[in-house]
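Q: Chain order of the listed sequences is R and Y. Residues 1 to 316 in our numbering are what the first sequence spells out, letter by letter. Residues 1 to 692 in our numbering are what the second sequence spells out, letter by letter. C-beta atoms are modelled at their ideal positions from N, C-alpha and C, and glycine is treated no differently.
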Amino acid sequence: MIPIEDPVRSDIAPPGLPSVQVAARSPGQLAVARLRQDRVAMASLVVIVVMVALALAAPLLATWTGHPVHRQYRDTGLTEFGLPVGPRGEFWLGTDQLGRDLLVRLAYGARISLLVGAVSTVAAVGVGTAIGLSAGFLGGWPDRVLSWFIDTTLSLPFLLFAISLVALVGPGLMITVVVIILFSWCPIARVVRGQVIALREREFVEAARSLGASRLRIMAVDILPNLVVPLVVYGTLLVPQAVVFEATLSFLGLGVTPPTATWGGMLAEGADLYRVAWWMVVFPAAAVLALTLAFNLFGDSLRDAFDPRRVEAQPR
Amino acid sequence: MTLLSVDDLHVTFPTEDGDVHAVRGVSLEIAAGETVGVVGESGSGKSVTTHALMQLLRGARVSGTARFDGIDLLSLSNRAMRSVRGARIAIVFQDPLSSLHPQYRVGWQIVEAIRAHESIGRHAAARRAVALLDEVGIADPQRRAGEFPHQFSGGMRQRVMLAMALALRPQLLIADEPTTALDVTVQAQLLDLVARLQREYGTAVLLVTHDLGVVAQVATRMLTMYAGRIVEEATTVEGFSHPHHPYTRGLLECIPGTSTRGGRLVPIGGQPPSLLVTPPGCAFAPRCPEARDECRQALPPTRRLSPSHRSECVLPVLGALADNAEPAEPDSPTPPVVAVRSEPAPAPAGDDGSAVDQGAVLLRAAGLVKHFPGRRSGPLTRGPAVRAVDGVELEVRRGETLGLVGESGSGKSTLARLLAGLIAPTAGAVELDGTDLAHLDRRGLRAIRRDVQVIFQDPYGSLNPRRRVGSIIADPLVIHGADRADVRPRVQELMELVGLNPEHYNRFPVAFSGGQRQRIGIARALALEPRLVICDEPVSALDVSIQAQIINLLQRLQRELHLTYVVVAHDLGVVEHLADRVTVMYLGRLIETAPTDELFRRPRHPYTRALLDAVPVADPGQRRSARPVAGEVPSPTAPPPGCRFHPRCPIAEADCRVDDPALVVRRGDPAGHRTACLHPLDDADVPVLVGR
């Protein structure tokens with residue numbers, strides 16, 4: 001018999017098994033214990049930490065190598081024909097078409113990627129939660145209006161919309177973040193709305209009402225804490241999406257403008273020269289891939305770790 | 001002839017917290033054609049045992065042998081097991097909705113079950129399916145076979161499951177809590193059906209249940225399980241009249257009902273053990289009032305009280321010496337009959353001069369109606385409204401306990417919510433001390449919360465799993481603006497009041513058992529010192545031994561805090577034990593109201609009588625002889641005209657179909673006894689009910 005439980009009711013002992021009083025761990029402790037055993041999760045975490053460290057240490061790296069991010073090394077960083085040089089002692093990851101150090105630019109690019117990823121995810125989760133919570137908890141016409149709004153936003157063509165918006169406002173970091181938020185909150189809102197509709201019917205919400213709690217209090221005190229786990233999981237999965245969005249926009253020249261170093265922009269520059277300078281494509285692409293993969297895998301592991309339906313008894 | 005013989009069965013679940021030893025050396029035998037009841041509380045390993053026999057446990061370590069008709073079930077390959085499952089051993093689970101596939105027609109599912117084991121044509125199998133449905137009492141089987149599971153009621157689905165289980169004439173039927181999810185009248189019908197089919201087919205039945213009444217009514221032998229072991233085995237008559245093991249005795253004593261009325265229940269103290277660590281001795285010793293040192297050191301010897309009665313307990317059989325470890329002689333005299341240890345009722349509140357003006361009306365409901373809008377059937381149309389509560393007059397007096405009973409669909413939970421002011425009535429009024437709840441604004445309603453509180457049914461669902469116990473209990477205080485400094489001492493005082501350790505203030509609900517959680521819910525309800533507490537099925541989610549603890553707590557709190565209770569329950573024993581007055585509900589109406597003794601001794605409404613008859617009495621000497629009332633509660637969207645019970649009523653007459661009887665005092669009844677029936681039962685129709 002596999003103990004199958006209601007996703008939110010992680011607290012019930014599986015049928016047929018006694019309630020465990022010895023070492024009753026809180027759901028959080030249990031999840032952390034599971035994560036620590038999960039090699040993929042730990043490896044992903046290491047990649048994420050390395051990326052964050054790289055981003056934070058970008059100015060240090062520039063000082064240490066003596067290669068400021070925008071400095072063009074026309075003598076040492078370019079061949080006699082004006083082409084970029086490959087990885088070597090002075091330039092570990094080679095240089096780009098202007099003779100700039102790829103390693104330093106990659107580190108600065110990580111700052112943009114992670115900044116965009118973090119800011120837009122936090123904002124999207126905030127907007128999505130507020131809208132999903134209101135729609136799910138209030139029901140009735142607010143729900144219908146908000147759901148219609150979500151569906152409409154989801155049906156907008158992302159790139160077309162982004163191109164027109166940038167044409168109106170002009171490219172830049174702010175507009176990139178705004179565009180990403182605009183297209184990221186909808187799935188969060190939908191997930192939250194579904195969870196809230198299920199939570200709303202739970203007896204502890206009725207208990208809160210029977211005590212005289214206001215609707216705002218019920219939403220904040222009783223429902224929101226039960227959403228933390230799904231929000232953390234979906235938020236983690238949203239970060240790589242935002243990183244890819246930003247890279248896409250920058251690749252198309254719609255995002256952050258040169259000479260600011262971004263991974264998408266570096267890829268775009270490398271795309272012209274990939275026959276002679278493979279490193280200009282491979283390293284930024286590898287960075288995007290590593291970061292998104294790490295976040296995706298870590299998000300999956302988080303979801304598994306918090307999942308009460310996870311089969312506890314594994315045949316050995 | 002022995003059909004199934006299990007020897008030294010062990011089942012262990014490896015979990016992240018360690019190995020859970022769910023079954024620890026179970027041996028049992030079932031003869032062909034007999035009915036064996038397995039009783040025990042949750043976690044005793046009764047379901048795990050049956051699932052292990054069918055190889056339905058994934059990820060568990062199973063050892064031991066199980067000989068079934070010459071084959072060892074536990075060593076069968078998957079393929080060989082499949083030919084046994086369904087065909088030779090059938091199993092019926094508690095929840096028929098999840099056991100039937102929602103996307104296939106019922107008849108098709110039975111056909112598949114037959115064709116999985118027999119090479120028989122589709123049409124022949126379909127004919128047999130229809131015949132089977134007819135046999136299990138499904139009207140119009142030809143048409144019903146073409147319907148989907150959701151179109152059947154819970155009782156009907158369980159009948160379908162039985163038809164499917166018996167389609168291949170298995171030698172053994174395992175019924176795992178088959179009637180737990182059903183109403184008593186439907187349960188009685190199904191138990192009758194199982195007994196009849198068993199007689200006709202000669203199938204042996206292994207009945208797993210937590211309900212001792214069900215075992216007493218249908219089983220020939222009973223096995224009591226505790227913490228993964230069979231602690232007592234006896235014929236049903238021996239087991240109920242001369243229980244030997246203290247656990248069996250404890251279970252029998254803590255059933256609320258007639259014999260315990262007015263007194264205090266004798267609960268089994270403590271909590272069931274964790275099976276992560278197995279004790280070297282008797283697992284029951286920590287809760288056993290008669291435990292000795294030797295009980296904790298080694299497994300007690302098996303005592304044979306008769307050829308059919310054995311018990312795993314060191315307690316002497318009458319006449320044997322205490323330290324005599326030798327099993328008693330088979331023909332030794334039976335142990336003394338355990339006297340019912342009900343303690344005398346304490347003096348009712350108010351007698352000691354406290355200022356409770358008992359008898360004044362605290363809560364009054366007048367013309368109360370609640371209709372829920374029907375399902376959307378089109379863009380602008382809706383189906384018929386669900387008439388959950390349809391005209392209820394009710395009074396609750398200060399200091400009393402009013403019991404509200406009825407089957408599912410009777411509207412009792414809706415009525416409880418109306419009385420608590422949780423939902424607004426469609427029509428009518430609820431008055432608390434003369435104030436109509438319907439005319440209050442939001443602030444007024446909030447003030448009412450101080451006076452009326454609710455204790456909920458589900459101790460798992462009614463506590464927010466992400467909040468600490470201290471803050472859950474403090475909720476009402478914080479909401480109603482208590483001083484922050486006062487909150488913590490008050491919460492700890494409340495925890496002590498309901499028997500919780502105040503040091504557990506900062507724990508999450510996960511760390512508590514079902515009974516302890518219900519105590520948390522009670523503490524929360526009492527935080528504002530309410531006058532009226534509405535208990536919606538307060539103990540139905542708990543095991544019997546824990547149930548008794550909570551019932552005692554509710555009674556003690558009522559005495560100490562001068563509370564008024566409305567207790568909603570489907571368990572008549574609980575209501576009989578707790579209530580001063582009882583009201584019976586059927587299809588949104590009250591059909592009978594009377595003081596508890598009066599109602600249980602002299603029911604006047606045929607439905608009340610049917611309900612009382614259907615309760616399985618935990619005494620094999622008192623098996624139900626009357627046929628259970630037929631049919632099920634009709635849909636509350638279209639209640640029958642006239643008396644709502646007339647389509648099921650055995651004594652209905654022509655006028656019952658037309659005239660809607662009022663709830664009034666009928667001829668010959670005392671003033672407090674009101675019945676909504678045109679032809680109420682006479683005393684002559686009512687046999688003397690012997691104590692349960």
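Using the beta-carbon of each residue, which ones in chain B are nearer than 7 Å to Y/His480?
A: Any reference to chain B falls outside this structure, whose protein chains are R and Y.
Q: So the candidates are Y/Gly499, Y/Val478 and Y/Gln547; which of them puts its Cα closest to the Cα of Y/Ala527?
A: The residue labelled residue 527 of chain Y in the question sits at position 527 within the second sequence. When each option's Cα is compared against that of Y/Ala527, the closest is Y/Val478.
Q: Can you grab the Cα-Cα spacing for the pair Y/Lys370 / Y/Pro425, in whole Å?
A: Start at 1 with the first residue of the second sequence, and residue 370 of chain Y comes out as number 370. Start at 1 with the first residue of the second sequence, and residue 425 of chain Y comes out as number 425. Rounded to whole angstroms, Y/Lys370 to Y/Pro425 spans 5 Å at the Cα level.
Q: Report the start-end ranges of each alpha helix (DSSP H) in the stretch 361 to 429 of chain Y that is 4 residues or longer and not cut off at the edges.
A: The stretch 361 to 429 of chain Y contains these whole alpha helix (DSSP H) runs: 412 to 419.
Q: Under a three-way DSSP split, which group does Y/Thr203 fall into?
A: Translated into positions along the second sequence, residue 203 of chain Y becomes position 203. Of the three classes helix, strand and coil, the one that applies to Y/Thr203 here is coil, per DSSP.
Q: On the DSSP letters alone, give me the boundaries of the alpha helix (DSSP H) that Y/Thr65 sits inside.
A: Residue mapping note: residue 65 of chain Y aligns to position 65 of the second sequence, counting from 1. Counting along the chain, Y/Thr65 falls outside any alpha helix (DSSP H), though it belongs to the beta strand (DSSP E) covering Arg61 to Phe68.
Q: Helix, strand or coil for Y/Arg303? Go by DSSP, reduced to three states.
A: As a working note, residue 303 of chain Y is residue 303 in the second sequence. Looking at Y/Arg303 - three-state DSSP - the assignment turns out to be strand.
Q: Got a sec, what are the start and stop residues for the beta strand (DSSP E) Y/Ile174 sits in?
A: As a working note, residue 174 of chain Y is residue 174 in the second sequence. Note, Y/Ile174: beta strand (DSSP E), Leu172 to Asp176.
Q: Roughly how many whole angstroms lie between the Cα atoms of Y/His480 and Y/Val533?
A: Indexing the second sequence from 1 puts residue 480 of chain Y at position 480. Indexing the second sequence from 1 puts residue 533 of chain Y at position 533. In a straight line, the C-alpha of Y/His480 is about 18 Å away from that of Y/Val533.
Q: Cα separation between Y/Val186 and R/Asp38?
A: Counting from 1 along the second sequence, the entry for residue 186 of chain Y is found at position 186. Counting from 1 along the first sequence, the entry for residue 38 of chain R is found at position 38. Approximately 50 Å between the Cα atoms of the pair.
Q: Which residues in chain Y sit within 7 Å of R/Arg202, going by Cβ to Cβ distance?
A: Working through the first sequence from its first residue, we reach residue 202 of chain R at position 202. Within chain Y, the residues near R/Arg202 are Gly461.
Q: To test your reading of the DSSP string, which unbroken alpha helix (DSSP H) runs of 4 or more residues are found completely within the stretch 510 to 544 of chain Y?
A: Here the runs fully enclosed are 514 to 526.
Q: Taking any Cβ of chain Y, which residues in the stretch 218 to 237 of chain R have a Cβ under 7 Å from it, in chain order?
A: Result list: Asp222, Pro225 and Asn226.
Q: So Y/Phe456 contacts chain R; which residues on that side make the cut at Cβ distance below 9 Å?
A: Mapped onto the second sequence, residue 456 of chain Y falls at position 456. Residues of chain R passing the Cβ test: Glu203, Phe204, Glu206, Ala207 and Ser210.
Q: Taking all protein chains shown into account, do 16 or more other C-beta atoms lie within 10 angstroms of the C-beta of Y/Ser462, making it buried, or fewer, making it exposed?
A: Your numbering for residue 462 of chain Y matches position 462 in the second sequence. Buried, because 16 or more other Cβ atoms sit within 10 Å of the Cβ of Y/Ser462.
Q: Is the stretch 265 to 272 of chain R close to the stretch 64 to 81 of chain R, with three or more CB pairs under 8 Å?
A: No, the stretch 265 to 272 of chain R does not touch the stretch 64 to 81 of chain R.
Q: Is there a Cβ of chain Y sitting closer than 8 Å to that of R/Ala23, yes or no?
A: Position 23 of the first sequence, counted from the start, is the residue given in the question as residue 23 of chain R. Bear in mind that a pLDDT of 45 at R/Ala23, under 50, signals an unreliable position, so the model cannot answer this.
Q: By the criterion of Cβ-Cβ separation under 9 Å, what are the contact partners of Y/Gln453 in chain R?
A: Here residue 453 of chain Y refers to the residue found at position 453 of the second sequence. Per Cβ cutoff of 9 Å: Ser210 and Leu211.
Q: Which of helix, strand or coil does DSSP assign to Y/Phe284?
A: Looking up residue 284 of chain Y in the second sequence gives position 284. Correct three-state label for Y/Phe284: coil.
Q: Is Y/Gln453 buried or exposed, if buried means 16 or more other CB atoms sit within 10 Å of its CB?
A: Along the second sequence, read from residue 1 onward, the residue named residue 453 of chain Y stands at position 453. It is buried - the Cβ of Y/Gln453 has at least 16 other Cβ atoms within 10 Å.
Q: Give the range of the beta strand (DSSP E) segment to which Y/Ser27 is assigned.
A: Here the question's residue 27 of chain Y lines up with position 27 in the second sequence. Here the beta strand (DSSP E) through Y/Ser27 covers Gly18 to Ala31.
Q: Kindly indicate the opening and closing residues of the alpha helix (DSSP H) around R/Gly265.
A: Translated into positions along the first sequence, residue 265 of chain R becomes position 265. Residues Trp263 to Leu273.
Q: Smallest Cα separation from Y/Arg667: which of Y/Ala654, Y/Leu681 and Y/Asp655?
A: Residue numbering aside, residue 667 of chain Y sits at position 667 when the second sequence is read from its first letter. Comparing Cα-Cα distances from Y/Arg667 to each of Y/Ala654, Y/Leu681 and Y/Asp655, the minimum goes to Y/Leu681.
Q: Is the CB of Y/Arg229 under 8 Å away from at least one CB in chain R?
A: Indexing the second sequence from 1 puts residue 229 of chain Y at position 229. So no, Y/Arg229 is outside the interface.
Q: Y/Leu100 and Y/Gln109 look like a contact to me (Cβ under 8 Å); what is the Cβ gap, rounded to whole Å?
A: Here the question's residue 100 of chain Y lines up with position 100 in the second sequence. Here the question's residue 109 of chain Y lines up with position 109 in the second sequence. Between Y/Gln109 and Y/Leu100 the Cβ distance is about 6 Å, and since that is below 8 Å, they are a contact.
Q: Please report the distance separating the alpha-carbon of Y/Arg449 from that of Y/Leu166.
A: As a working mapping, residue 449 of chain Y is identified with position 449 in the second sequence. As a working mapping, residue 166 of chain Y is identified with position 166 in the second sequence. The straight-line gap from Cα to Cα measures roughly 53 Å.
Q: Just checking: is the beta-carbon of Y/Asn464 within a distance shorter than 8 Å of some beta-carbon in chain R?
A: To locate residue 464 of chain Y, count along the second sequence from 1; it is residue 464. Answer yes: the Cβ-Cβ gap between Y/Asn464 and chain R drops below 8 Å somewhere.
Q: Are the beta-carbon atoms belonging to R/Trp279 and R/Gly86 less than 8 Å from one another?
A: Against the first sequence, residue 279 of chain R aligns to sequence position 279. Against the first sequence, residue 86 of chain R aligns to sequence position 86. A contact, by the Cβ cut-off of 8 Å.
Q: Using a Cβ-Cβ distance under 8 Å, would Y/Arg376 count as near chain R?
A: If you number the second sequence from 1, residue 376 of chain Y lands on position 376. No, no contact with chain R.
Q: Please state whether DSSP places Y/Ile651 in a helix, a strand or coil.
A: Numbered from its first residue, the second sequence carries residue 651 of chain Y at position 651. Coil at Y/Ile651, not helix or strand.
Q: Please list, in chain order, all residues of the same chain as R/Glu312 whose beta carbon is under 6 Å from its beta carbon, the five residues on each side excluded.
A: By one-based count along the first sequence, residue 312 of chain R stands at place 312. Confidence at R/Glu312 is low in this model, with a pLDDT of 43, below 50, so the placement of that residue should be treated as unreliable; the coordinate-derived value is given next. Here the set comprises nothing.
Q: Please look up how many angstroms separate the CB atoms of Y/Val205 and Y/Val215, rounded, as I've assumed it's under 8 Å.
A: The count along the second sequence starts at 1 and reaches residue 205 of chain Y at position 205. The count along the second sequence starts at 1 and reaches residue 215 of chain Y at position 215. Going by Cβ atoms, the distance from Y/Val205 to Y/Val215 rounds to 11 Å, so no, they are not a contact pair.
Q: Please identify, using Cβ separations under 9 Å, the residues of the stretch 407 to 421 of chain Y that lie next to chain R, in order along the chain.
A: For the stretch 407 to 421 of chain Y, which is checked against every Cβ of chain R, the residues closer than 9 Å are Arg417, Ala420 and Gly421.
Q: Could you give the residue range of the beta strand (DSSP E) that holds Y/Thr2?
A: Against the second sequence, residue 2 of chain Y aligns to sequence position 2. Looking at the DSSP string, the run of the beta strand (DSSP E) that includes Y/Thr2 is Thr2 to Thr15.
Q: What does the alpha-carbon distance come out to for the pair Y/His562 and Y/Leu554?
A: Working through the second sequence from its first residue, we reach residue 562 of chain Y at position 562. Working through the second sequence from its first residue, we reach residue 554 of chain Y at position 554. Answer to the nearest angstrom: the Cα atoms are 11 Å apart.
Q: Are the Cβ atoms of Y/Thr583 and Y/Thr593 separated by less than 8 Å?
A: Stepping through the second sequence from its first residue, residue 583 of chain Y is reached at position 583. Stepping through the second sequence from its first residue, residue 593 of chain Y is reached at position 593. In this structure, Y/Thr593 lies closer than 8 Å to Y/Thr583 by Cβ.
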